[in-house]
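Note that our numbering has the sequence shown beginning at 3, numbered continuously upward. Note that beta-carbon positions come from the ideal geometry of N, C-alpha and C, so glycine has one too.
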Amino acid sequence: MKLKNIVIGLAAMTLTLASCSSGKTQLPYFKDLDVESYNIPVGDFAVKIVPDDELLINVSAEDPLAVEAYTVPYQHPRQRDFNFPATQTKESFVMTNRKSNLTLQPYVVSPEGFINFPVLGKIHVAGMTLQGLTDYLTEKISEKVVDPIVTVELTNFHVNVIGEVNRPGLFVVNSERYSVLDALASAGDLTSYGERNNVLIIREEDGQRKVHRLDLNKAEALNSPYFYLRQNDVVYVEPNTVKQANARVDSDRQYRLSMTSVIVSAASVIASLAISLLR
């Protein structure tokens with residue numbers, strides 16, 4: 003009777019521990035960060051224009067007719083050319099000029115880094131920031147237009163987040179200031195199997211893919227040039243050793259089940275043949 007009570011008690015304890023451990027735990031970032039004493043300067047988050055970027059440029063002024071020459075209406079997609087503003091089929095990339103009621107289209111930066119802007123001609127924009135291009139266009143247009151207002155937007159800023167996150171996917175970014183933490187938040191944060199000390203950032207720069215690893219357990223990651231993301235960055239969260247071990251076990255289990263199924267099927271076929279031959 004005593005043995006039976008001991009067994010029941012152990013079983014109840016096991017179930018209790020299992021239920022406690024199965025709950026979600028919020029794993030911390032930046033474990034070495036002392037909030038009261040650690041000051042971190044904000045890094046450079048300004049996005050620089052690169053080839054194949056899509057720029058939405060709007061020019062307005064008190065006199066709409068004065069800036070009409072700097073505004074190119076939307077064209078059919080078949081007319082797309084690197085020497086002219088690029089046409090996109092996505093309606094989200096189309097913007098309406100409220101004063102002139104014209105539908106604008108993005109400019110695609112050529113492989114050499116140029117756009118062909120009305121009146122001003124070819125402009126080398128690769129390497130400029132959005133604010134830098136805004137200031138440049140404002141200065142040039144001001145030579146002929148009184149108090150022009152120029153806005154420049156990047157319409158193809160998106161980031162891929164894959165691996166051990168709750169909602170992997172492609173995320174469209176509407177702000178220049180977008181960090182790896184913003185990307186992980188968009189993806190529903192890391193799963194409990196995600197390696198926080200080994201988050202991979204894949205970036206295209208100067209025609210090459212560069213790879214950098216961030217340790218989000220350490221505050222120094224906040225100072226990394228890869229902390230703020232760029233257009234077309236890929237954020238990959240690797241699985242930890244527990245997830246990898248589980249994957250290997252699952253793979254082995256599936257292999258054994260597959261082999262067992264093959265053996266059983268083969269035995270069944272052989273048995274059927276033997277029965278038919280003995281008849």
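Cβ neighbour criterion (16 or more within 10 Å) applied to residue i
| i | result |
| --- | --- |
| E145 | exposed |
| A48 | exposed |
| L216 | buried |
| I272 | exposed |
| I143 | buried |
| Q107 | buried |
| T69 | Note that residue 69 is Val in the sequence shown here, rather than Thr. So V69 counts as buried. |
| G196 | buried |
| G209 | exposed |
| P150 | buried |
| I265 | exposed |
| I277 | exposed |
| L135 | buried |
| N168 | exposed |
| L275 | exposed |
| S112 | buried |
| V148 | exposed |
| D55 | buried |
| Q133 | exposed |
| V161 | buried |
| L186 | buried |
| L67 | exposed |
Residue i, DSSP secondary structure in three states
| i | result |
| --- | --- |
| I59 | strand |
| A230 | Correcting the residue identity first, residue 230 is Tyr in this sequence and not Ala. DSSP places Y230 in strand when its eight states are reduced to three. |
| L298 | With the chain covering 3 to 281 only, the question about residue 298 has no answer from this structure. |
| V49 | coil |
| V69 | helix |
| K92 | Confidence in K92 is poor, its pLDDT being 37 and thus under 50, which makes the residue's placement unreliable; the coordinate value appears in the next sentence. K92: coil per DSSP, three-state reduction. |
Beta-bridge pairing of residue i - partner residues as DSSP gives them
| i | result |
| --- | --- |
| V213 | I204 |
| P241 | G196 |
| V74 | Paired residue(s): none; V74 is not in a bridge. |
Contact test: residue i Cβ vs the ligand GDP heavy atom, cutoff 7 angstroms
| i | result |
| --- | --- |
| V52 | Absence of the ligand GDP is noted for the structure shown, with no ligands found whatsoever. |
### Query
Can at least three beta-carbon pairs, one atom from the segment 150-157 and one from the segment 49-64, be found at a separation below 8 angstroms?
yes
### Segments assigned alpha helix (DSSP H), at least 4 residues, entirely inside the segment 106-189
132-143, 182-188
### Sufficient close CB pairs (3 or more, under 8 angstroms) joining the segment 195-210 to the segment 231-244
yes
### Message
I want to know whether the segment 119-134 touches the segment 205-213 - three or more CB-CB distances under 8 angstroms.
### Response
no
### Message
Using a Cβ distance threshold of 8 angstroms, determine whether the segment 165-173 contacts the segment 220-233, with at least three qualifying pairs required.
### Response
no
### Query
Is it true that the segment 178-197 meets the segment 113-123, where meeting means three or more beta-carbon pairs spaced less than 8 angstroms apart?
no
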